[in-house]
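Here the protein sequences line up with chains A, B, C and D, keeping their order. If you're matching positions, the first sequence starts at 13 in my numbering and goes up one per residue. If you're matching positions, the second sequence starts at 13 in my numbering and goes up one per residue. If you're matching positions, the third sequence starts at 13 in my numbering and goes up one per residue. If you're matching positions, the fourth sequence starts at 13 in my numbering and goes up one per residue. Notes to accompany the following structure.
Number of protein chains: 4
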Amino acid sequence: MTRTGRPAGPASDTTATVLTAALDLLLAEGAGALTAQRLHQVTGVSRSTIYRHWPTPNDVLAALIDVAPSPRRQPSGDLAQDLHAEIDALCDRLRDKPVAAFLRALVAADAGLRHRYVEDLLAPVQAVLRDAGTPRAAAEDAVAAIVSPLLVDALLLDRPTARARAHRAVDLYLTEAAR
Amino acid sequence: MTRTGRPAGPASDTTATVLTAALDLLLAEGAGALTAQRLHQVTGVSRSTIYRHWPTPNDVLAALIDVAPSPRRQPSGDLAQDLHAEIDALCDRLRDKPVAAFLRALVAADAGLRHRYVEDLLAPVQAVLRDAGTPRAAAEDAVAAIVSPLLVDALLLDRPTARARAHRAVDLYLTEAAR
Amino acid sequence: MTRTGRPAGPASDTTATVLTAALDLLLAEGAGALTAQRLHQVTGVSRSTIYRHWPTPNDVLAALIDVAPSPRRQPSGDLAQDLHAEIDALCDRLRDKPVAAFLRALVAADAGLRHRYVEDLLAPVQAVLRDAGTPRAAAEDAVAAIVSPLLVDALLLDRPTARARAHRAVDLYLTEAAR
Amino acid sequence: MTRTGRPAGPASDTTATVLTAALDLLLAEGAGALTAQRLHQVTGVSRSTIYRHWPTPNDVLAALIDVAPSPRRQPSGDLAQDLHAEIDALCDRLRDKPVAAFLRALVAADAGLRHRYVEDLLAPVQAVLRDAGTPRAAAEDAVAAIVSPLLVDALLLDRPTARARAHRAVDLYLTEAAR
DNA sequence: ATTTAACCGAGACGGTACGTCCCGTCTTTAC
DNA sequence: GTAAAGACGGGACGTACCGTCTCGGTTAAAT
Numbered sequence: 013m014t015r016t017g018r019p020a021g022p023a024s025d026t027t028a029t030v031l032t033a034a035l036d037l038l039l040a041e042g043a044g045a046l047t048a049q050r051l052h053q054v055t056g057v058s059r060s061t062i063y064r065h066w067p068t069p070n071d072v073l074a075a076l077i078d079v080a081p082s083p084r085r086q087p088s089g090d091l092a093q094d095l096h097a098e099i100d101a102l103c104d105r106l107r108d109k110p111v112a113a114f115l116r117a118l119v120a121a122d123a124g125l126r127h128r129y130v131e132d133l134l135a136p137v138q139a140v141l142r143d144a145g146t147p148r149a150a151a152e153d154a155v156a157a158i159v160s161p162l163l164v165d166a167l168l169l170d171r172p173t174a175r176a177r178a179h180r181a182v183d184l185y186l187t188e189a190a191r
Numbered sequence: 013m014t015r016t017g018r019p020a021g022p023a024s025d026t027t028a029t030v031l032t033a034a035l036d037l038l039l040a041e042g043a044g045a046l047t048a049q050r051l052h053q054v055t056g057v058s059r060s061t062i063y064r065h066w067p068t069p070n071d072v073l074a075a076l077i078d079v080a081p082s083p084r085r086q087p088s089g090d091l092a093q094d095l096h097a098e099i100d101a102l103c104d105r106l107r108d109k110p111v112a113a114f115l116r117a118l119v120a121a122d123a124g125l126r127h128r129y130v131e132d133l134l135a136p137v138q139a140v141l142r143d144a145g146t147p148r149a150a151a152e153d154a155v156a157a158i159v160s161p162l163l164v165d166a167l168l169l170d171r172p173t174a175r176a177r178a179h180r181a182v183d184l185y186l187t188e189a190a191r
Numbered sequence: 013m014t015r016t017g018r019p020a021g022p023a024s025d026t027t028a029t030v031l032t033a034a035l036d037l038l039l040a041e042g043a044g045a046l047t048a049q050r051l052h053q054v055t056g057v058s059r060s061t062i063y064r065h066w067p068t069p070n071d072v073l074a075a076l077i078d079v080a081p082s083p084r085r086q087p088s089g090d091l092a093q094d095l096h097a098e099i100d101a102l103c104d105r106l107r108d109k110p111v112a113a114f115l116r117a118l119v120a121a122d123a124g125l126r127h128r129y130v131e132d133l134l135a136p137v138q139a140v141l142r143d144a145g146t147p148r149a150a151a152e153d154a155v156a157a158i159v160s161p162l163l164v165d166a167l168l169l170d171r172p173t174a175r176a177r178a179h180r181a182v183d184l185y186l187t188e189a190a191r
Numbered sequence: 013m014t015r016t017g018r019p020a021g022p023a024s025d026t027t028a029t030v031l032t033a034a035l036d037l038l039l040a041e042g043a044g045a046l047t048a049q050r051l052h053q054v055t056g057v058s059r060s061t062i063y064r065h066w067p068t069p070n071d072v073l074a075a076l077i078d079v080a081p082s083p084r085r086q087p088s089g090d091l092a093q094d095l096h097a098e099i100d101a102l103c104d105r106l107r108d109k110p111v112a113a114f115l116r117a118l119v120a121a122d123a124g125l126r127h128r129y130v131e132d133l134l135a136p137v138q139a140v141l142r143d144a145g146t147p148r149a150a151a152e153d154a155v156a157a158i159v160s161p162l163l164v165d166a167l168l169l170d171r172p173t174a175r176a177r178a179h180r181a182v183d184l185y186l187t188e189a190a191r
């Protein structure tokens, strides 16, 4: 096959326009607002174009997540310090909205996306534990006990994530592990 | 004033018909299916009637929750035993679907309903702890660490609730408290 | 079956509004304009309503035809006089537009409708001949020779129907039959 | 001046590809299918190219008609024989579809094209009569009476053209003229 | 037994969103 | 200079649902 003609370039800057607007919508009105119609109204980009590139709202959500930066921090080597730092970072992300909004959106969305996103969220903490030589099962218990309450705060109770409680949970785990 | 005519009774058994169908719908297709239209198709009850009694889908959801029995168990007095029993009961409820479905539905619904429902879910465990004289803050930490992972399993990770892990968490709390 | 509730009445006066507008549209812009969209723009009746009652443009056309009066004239008994009168009437109908417009519209429409309409158009002439005792085959030949040119004028050549020519054809038939 | 690049020729065999496909489409689905989009799907020729050469569906139709061969037969000199032969030829063309399809298409299309096409269709018969010295008015009457019924059969009644009736009409004209 | 208020079904109506399709224009690339 | 590929805005199409409404029937209490 000769593969002639203009190559399948993505959009122009349409992508940028739409996705930033989509993020705003997600934060302001929730996942239900990630509609072709709604995005059209907000961005002025035509409905056809939006359907062309993101046939379903789920596709918009996926694109948003792909764009979102997942920050990397380098470990100091000290388990306690690294754990506390990681938890602080997670609380920050949850407080600063997009992540919490993503979570709520994902409850109603594709299971694949949802799992991927949550695992990505848990990964850093799990990595710290594993680097410190924690056995796999114990690490998972710890992550669950420490991180899940934060997610529940953001997802179900609409309250600021209980940062202090999370740090207490970390300390509990550390003293337990030291024994 | 003569106050004659048929008194403003509720419906006949329409209520039962509609609400059981609504529960089925909720379990099978999610909260998005709790539509007047949809309920009409499924039950044969006319659209008008449904709008009359439950003007919005949220009202259907609320009615469903009000109907759902929240089981009461009487404490044996032994903290450890009671805690484990309560956790088992919660896992059962989450495994048997309706509760998990309610939770998913409520993520996208009215905040008031959501808070009420989650608190009701946590209440029994909290009650056991409080009856044993646990200080309020410690009790909340424990509940968070023990129950939240179960909710995350059901809501975000679509896995059967990790019953064993929950029991380990209970034990961890008990030994910690004993110290 | 108890047959309860409001009986399936047709529309209110929606029908009248829409159909008169439809006739105007048909005459002014041709069959292609008998669209739900177009009818909505012109009448203000909502698109939903139009789709409800006339799901396809063809249904509108059919309704129009059903409404259109097909005039009845009583025969004098004199073959020549009746034939000429019938032809004059037909020419009038073709000149006064709706019938010609219907014909053009029907070329692109449902075959059933088309046949019915054309037969209705030919029927009066055929009736006159049959009443005079003309054998069936001869009558059909005559009708074809006399009427078809008028239809072709209106349908394909966009010229006023050649009334004089039609009358000459009638005379030709009469003298031929007399022989 | 160096006159470089590909010379401004028309297309390669694109024209052939597209027009034959267009004819198939016309016969199979009617004039409404002569769309740039549709032609692209069927031929593989790109939409751009089609728009370049035939900006509107009408242009495709016109091109089709220009391509269609309008057969020429040489007169024997005998009026009766030539007339019958000409009518036979016309019936054949109407039976073999493309001509009938063209006619239907043209009812909804450009008036100019339509007139031209119909006149071309009538021309051979008219020519035979004129060559035999028939006065203009009489010739037009005869053509109308003989040919119009065939067109009505094909266009409005969807029946095979009544060849026998046409020949009878010819005979009627001939005896009438002989008198 | 009659009255009378409430319930219930059926459906008309306007409105909005959805997802698909087509249109016509354009830009970019390859030949 | 022609062709291919496709982005883009625009609009129609047919469907589905929504919420409101007006009717007509049915029912069950209160008189």
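For each residue, glycine too, the CB sits at the ideal point set by N, CA and C.
**Prompt:** Helix, strand or coil: which one does DSSP assign to D104 of chain A?
**Reply:** Here D104 of chain A sits in helix by DSSP.
**Request:** Measure the C-alpha to C-alpha separation of H96 of chain D and P161 of chain C and round it to an integer number of angstroms.
**Result:** Distance between the alpha carbons of H96 of chain D and P161 of chain C: 19 Å.
**Request:** Report the residue from D:D122, D:A178 and D:E152 whose alpha carbon sits nearest the alpha carbon of R180 of chain C.
**Result:** Comparing alpha-carbon positions, the option among D:D122, D:A178 and D:E152 lying closest to R180 of chain C turns out to be D:E152.
**Cβ-Cβ separation, R85 of chain D to A101 of chain D (assumed contact under 8 Å), whole Å** = Indeed, because the Cβ distance is near 7 Å, the residues count as touching under 8 Å.
**Asked** Of all the CB atoms in chain B, is at least one closer than 8 Å to the CB of V164 of chain A?
**Response** At least one chain B Cβ lies under 8 Å of V164 of chain A.
**Collapsed DSSP secondary structure at S58 of chain C in the structure displayed** = Three-state result, S58 of chain C: coil.
**Request:** Check whether the Cβ of A181 of chain C lies closer than 8 Å to any Cβ atom in chain D.
**Result:** Yes, its Cβ sits closer than 8 Å to a Cβ of chain D.
**C-beta atoms of L37 of chain D and A75 of chain D nearer than 8 Å** = If you check the CB distance, L37 of chain D and A75 of chain D do not come in under 8 Å.
**Item:** Host alpha helix (DSSP H) of G44 of chain C (start-end)
**Value:** For G44 of chain C, no alpha helix (DSSP H) encloses it, and the DSSP letter there is neither H nor E.
**Asked** According to DSSP, is D132 of chain D helix, strand or coil?
**Response** Three-state DSSP puts D132 of chain D in a helix.
**Message:** Helix, strand or coil, according to DSSP, for S160 of chain B in the structure here?
**Reply:** Correct three-state label for S160 of chain B: helix.
**Message:** Measuring alpha carbon to alpha carbon, tell me which residue in A:P69, A:Y63 and A:D132 is nearest R120 of chain A.
**Reply:** According to the sequence displayed, residue 120 of chain A carries Ala and not Arg. Checked all of A:P69, A:Y63 and A:D132; the closest Cα to A120 of chain A is A:P69.
**Request:** Can you grab the Cα-Cα spacing for the pair P136 of chain A / A144 of chain A, in whole Å?
**Result:** Rounded to the nearest angstrom, the two C-alpha atoms are 13 Å apart.
**Message:** Can you look up Q138 of chain A in the DSSP assignment and give me helix, strand or coil?
**Reply:** If DSSP states are grouped into helix, strand and coil, Q138 of chain A belongs with the helices.
**Request:** Have a look at P67 of chain D and A45 of chain B and give me their C-alpha separation to the nearest angstrom.
**Result:** A straight line joining the alpha-carbon of P67 of chain D with that of A45 of chain B spans about 47 Å.
**Request:** Give the residues of chain C in contact with E41 of chain D, contact being defined as C-beta atoms less than 9 Å apart.
**Result:** Within chain C, no residue comes near E41 of chain D; the closest Cβ sits about 12 Å away, beyond 9 Å.
**Prompt:** Where D108 of chain D and P172 of chain D are concerned, what is the direct C-alpha to C-alpha distance, given to the nearest angstrom?
**Reply:** Whole-angstrom Cα-Cα distance: 10 Å.
**Message:** Using only the alpha-carbon positions, how far apart do V164 of chain A and L186 of chain A sit?
**Reply:** Between V164 of chain A and L186 of chain A, the C-alpha separation is close to 23 Å.
**Message:** Taking the alpha helix (DSSP H) that D25 of chain D belongs to, which residues open and close that run?
**Reply:** The continuous stretches of alpha helix (DSSP H) do not include D25 of chain D, and DSSP gives it neither H nor E.
**Message:** Which residue wins for smallest C-alpha separation from A190 of chain B, given the options B:A150, B:V57 and B:L169?
**Reply:** Per the Cα distances, B:A150.
**Asked** Run through DSSP, which three-state label would Q93 of chain D get?
**Response** Looking at Q93 of chain D - three-state DSSP - the assignment turns out to be helix.
**Message:** Between which residues of its own chain and L200 of chain A is the CB-CB distance below 7 Å, once the five residues before and five after are set aside?
**Reply:** This structure leaves residue 200 of chain A out entirely; chain A is present only between 13 and 191.
**Request:** Consult DSSP for A121 of chain B and reduce its assignment to one of helix, strand or coil.
**Result:** A121 of chain B: coil per DSSP, three-state reduction.
**Request:** Sort A:H65, A:S58 and A:V140 by Cα distance to A92 of chain A and report the nearest one.
**Result:** Distances from the CA of A92 of chain A to each of A:H65, A:S58 and A:V140 were compared; the closest alpha carbon is that of A:V140.
**Prompt:** Under the rule that 16 or more other beta-carbon atoms within 10 Å means buried, what is Y129 of chain C, buried or exposed?
**Reply:** Buried, by the Cβ-count rule.
**Prompt:** In whole angstroms, what is the alpha-carbon distance linking T61 of chain D and T29 of chain D?
**Reply:** The alpha-carbon atoms of T61 of chain D and T29 of chain D are separated by roughly 12 Å.
**Message:** My output table needs one value for T32 of chain C: the three-state DSSP class, helix, strand or coil.
**Reply:** When secondary structure is reduced to three states using DSSP, T32 of chain C falls in the helix class.
**Item:** Cutoff 8 Å: R175 of chain C Cβ touching any chain D Cβ
**Value:** No, no contact with chain D.
**Message:** Counting only Cβ pairs nearer than 8 Å, list the residues of chain D close to V119 of chain C.
**Reply:** Per Cβ cutoff of 8 Å: R116, V119, A120, L167 and L168.
**Request:** Quick one: grab the DSSP three-state call for A190 of chain A.
**Result:** Helix at A190 of chain A.
**Prompt:** Measuring CA to CA, which of B:L39, B:A154 and B:A123 is closest to V182 of chain A?
**Reply:** Closest by alpha carbon: B:A154.
**Request:** Can you tell me which of A:I99, A:A117 and A:P87 puts its alpha carbon nearest to the alpha carbon of G42 of chain A?
**Result:** That would be A:A117, whose Cα lies nearest to the Cα of G42 of chain A.
**Request:** Give the straight-line distance between the Cα atoms of A178 of chain B and L184 of chain B, rounded to the nearest whole angstrom.
**Result:** Between A178 of chain B and L184 of chain B, the C-alpha separation is close to 10 Å.
**D5 of chain D - DSSP class collapsed to helix/strand/coil** = Since the first residue of chain D shown is 13 and the last is 191, residue 5 of chain D is not available in this structure.
**Item:** Close-in-space but distant-in-sequence residues of the same chain around H52 of chain D (CB under 8 Å, 5 per side omitted)
**Value:** Closer than 8 Å at Cβ, skipping near neighbours: S58, R59 and I62.
**Item:** Reduced DSSP category for R84 of chain C - H, G, I as helix; E, B as strand; rest coil
**Value:** Here DSSP, grouped into helix, strand and coil, assigns R84 of chain C to coil.
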